[in-house]
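Peer 1: Letter by letter, the sequence shown follows residues 2 to 285 in the working numbering.
The structure's right below; bear with me while I get my questions together.
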Amino acid sequence: MKRIHTIAKMQHQSDAWRSAGLCIGLVPTMGFLHEGHLSLVDHSLKAADRTVVSIFVNPLQFGPKEDFAIYPRDLERDLNLLSRRGVDAVFHPATAEFYPADFSTFVEVEKLSKSLCGPFRPGHFRGVATVVTKLFTAVKPHLAVFGQKDYQQAAVIRRLVRDLNLDLRVVVAPTVREADGLAMSSRNILLSPAERQRAAALYEALTMGRKRIERGERDAGRIIAEMRAHIERALDGSIDYIAIARADTLEEVAHIAGPVVIALAVRLSNVRLIDNIVAAPCGR
2 MKRIHTIAKM QHQSDAWRSA GLCIGLVPTM GFLHEGHLSL VDHSLKAADR TVVSIFVNPL
62 QFGPKEDFAI YPRDLERDLN LLSRRGVDAV FHPATAEFYP ADFSTFVEVE KLSKSLCGPF
122 RPGHFRGVAT VVTKLFTAVK PHLAVFGQKD YQQAAVIRRL VRDLNLDLRV VVAPTVREAD
182 GLAMSSRNIL LSPAERQRAA ALYEALTMGR KRIERGERDA GRIIAEMRAH IERALDGSID
242 YIAIARADTL EEVAHIAGPV VIALAVRLSN VRLIDNIVAA PCGR
C-alpha cells in the first residue's frame, strides 16, 4: 500500500493509473476509521481497479467552538486497517500542503447548505465542499464513495459535482450501525459509557418517525414532537434540530406528500451526533 503525502505525487500516481486504463475510486475520510468507513472502502474495492483513501482532518469544516482539537486521531491504526483491507494508496497530506498560508479560494453550494445542520454550523459545508474539491483534483477519481449517515454532506457533494461538471460518479453507501442502532461515527468514542448507552434513543426516534409516516401520518410537526419527547426522556442532552425535509432538496416540509429524510442532530456533553433515515408514504 502506497503512502502519499503531497498533491503532486498523488496526481502523478493517478495519472499513471489513468494512462493504464484503470478506474480509480476515492474514499474521503478524516481518519480514526471504523466499520462504517471500511464499508465505504469495500464499495470502492468492488467498483474500482484502484482505491485511494484520504485521511485528512479538515480544519475548514470545524467552527471556532467545535471539536477540531479533540477529534480522535490514530494514523498507524488506520494504516494497518487499510493495508489489511487491500487499499492501494492512502493520501495523507499535511495541513500546510492543502492550505498554504495565503490560501483564499473556497467552494460553496448555497441552497443545500442552508437547512438542517447549516444554521448550527456556519461555514461547515463551505469547508466540506472546498476540501472535497481539492481531494478530487488531487486524486482524480472516477468515482467517490460517501456514507448516507452524512446525508446533507452527500447531497451537497452531488450538487457540486453536477454544477461544476466534474467527471466522476458519487456513490452513497448505506449507514452502518452498532447493534443498538447508533450510527457508527469516529466521535462515538468521546461519549461516556452512560451517554453511549442512552444514545440508542436517536435511532429509536428515527424509526418511530418512519413508522408513523408509513402508517399514514402526514403532519410533520406531530411526528417531530413525538420524536423530541422520546429523545428528551432518554437523554440529558441538547437537541440542535429534528427535521423532516424533502429527500431531494432538503427543504423542510409541514405536510408529507412524498419521499423525505428525517434528520436530527443532538449534543451530548461536547459531542455532536447526527443521524437520519429516509421515509416515504405508502404507495409513493
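From the three backbone atoms N, C-alpha and C, an ideal C-beta is built for every residue, glycine too.
These figures come from a predicted structure and were not determined experimentally.
Whole angstroms are fine: how far does the CA of Phe-63 sit from the CA of Gly-222?
Peer 2: The straight-line gap from Cα to Cα measures roughly 31 Å.
Peer 1: Please state whether the Cβ-Cβ distance between Arg-199 and Leu-236 is less than 7 Å.
Peer 2: Yes.
Peer 1: So, with DSSP's three-state summary, where would you put Ser-239?
Peer 2: Note: Ser-239 maps to strand in three-state DSSP.
Peer 1: Please classify Ser-116 as buried or exposed, where buried requires at least 16 neighbouring CB atoms within 10 angstroms.
Peer 2: Buried, because 16 or more other Cβ atoms sit within 10 Å of the Cβ of Ser-116.
Peer 1: Restricting to Cα atoms, I'd like to know which of Glu-233, Thr-106, Val-162 is closest to Leu-144.
Peer 2: The residue with the shortest Cα to Cα distance from Leu-144 is Val-162.
Peer 1: Opposite Val-261 in the DSSP bridges: which residues?
Peer 2: Val-261 pairs with Arg-247, Ala-280.
Peer 1: Alpha carbon to alpha carbon, how far is Leu-82 from Ile-245? Give it in angstroms, no decimals.
Peer 2: Cα to Cα, Ile-245 sits roughly 36 Å from Leu-82.
Peer 1: For Ile-71, does the three-state DSSP call read helix, strand or coil?
Peer 2: Three-state DSSP puts Ile-71 in coil, outside helix and strand.
Peer 1: Just the Cα atoms here: how many angstroms apart are His-125 and Phe-107?
Peer 2: Roughly 12 Å between the two C-alpha positions.
Peer 1: When the distance is taken between beta carbons, is Pro-29 closer than 7 Å to Ser-55?
Peer 2: Contact flag set, yes.
Peer 1: Is Leu-203 helix, strand or coil when you go by DSSP?
Peer 2: Three-state DSSP puts Leu-203 in a helix.
Peer 1: Less than 8 Å between C-beta atoms, sequence neighbours within five positions excluded: which residues of the same chain meet that for Leu-80?
Peer 2: Cβ neighbours of Leu-80 beyond the five flanking positions: Met-2, Arg-4, Val-91.
Peer 1: What three-state label does DSSP hand Ala-90 in the structure shown?
Peer 2: Residue state, collapsed to three classes: strand.
Peer 1: Quick test of your reading: Gly-37 and Val-146, contact by CB under 8 Å. State the CB separation rounded to the nearest angstrom.
Peer 2: Contact flag wrong, Cβ pair sits at about 11 Å.
Peer 1: If you drop the 5 nearest sequence neighbours on each side, which residues of the same chain put their C-beta closer than 6 Å to that of Arg-188?
Peer 2: Result list for Arg-188: Val-272, in chain order.
Peer 1: How about Ser-241 and Ala-201: do their beta carbons lie closer than 7 Å?
Peer 2: Here the sequence assigns Asp to residue 241, which means Ser is not the residue at that position. Going by C-beta atoms, Asp-241 is not nearer than 7 Å to Ala-201.
Peer 1: With DSSP run on the structure shown, which of helix, strand or coil describes Ala-266?
Peer 2: Strand, per DSSP.
Peer 1: Quick check on the burial criterion: 16 or more other C-beta atoms within 10 angstroms. Buried or exposed for Lys-47?
Peer 2: With fewer than 16 Cβ atoms within 10 Å of its Cβ, Lys-47 is classed as exposed.
Peer 1: Applying the criterion that 16 or more other CB atoms from any shown protein chain within 10 Å of the CB defines a buried residue, is Arg-142 buried or exposed?
Peer 2: Residue identity differs from the one stated: residue 142 is Pro in this sequence, not Arg. Buried, because 16 or more other Cβ atoms sit within 10 Å of the Cβ of Pro-142.
Peer 1: For Ser-170, does the three-state DSSP call read helix, strand or coil?
Peer 2: The amino acid occupying residue 170 in the given sequence is Arg; Ser does not appear at that position. It is a strand residue.
Peer 1: Please go through the region 136 to 191 and give each complete beta strand (DSSP E) segment of 3 or more residues, from N-terminal end onward.
Peer 2: List check, beta strand (DSSP E) in window: 144 to 148, 170 to 174.
Peer 1: Between which residues of its own chain and Glu-291 is the CB-CB distance below 7 Å, once the five residues before and five after are set aside?
Peer 2: Here the chain has residues from 2 to 285 only, and residue 291 is not among them.
Peer 1: Per DSSP, which one or two residues make a beta bridge with Thr-52?
Peer 2: Paired residue(s): Gly-26.
Peer 1: Use the C-beta contact count for His-44: other C-beta atoms within 10 angstroms, 16 or more gives buried, fewer gives exposed.
Peer 2: It counts as buried.
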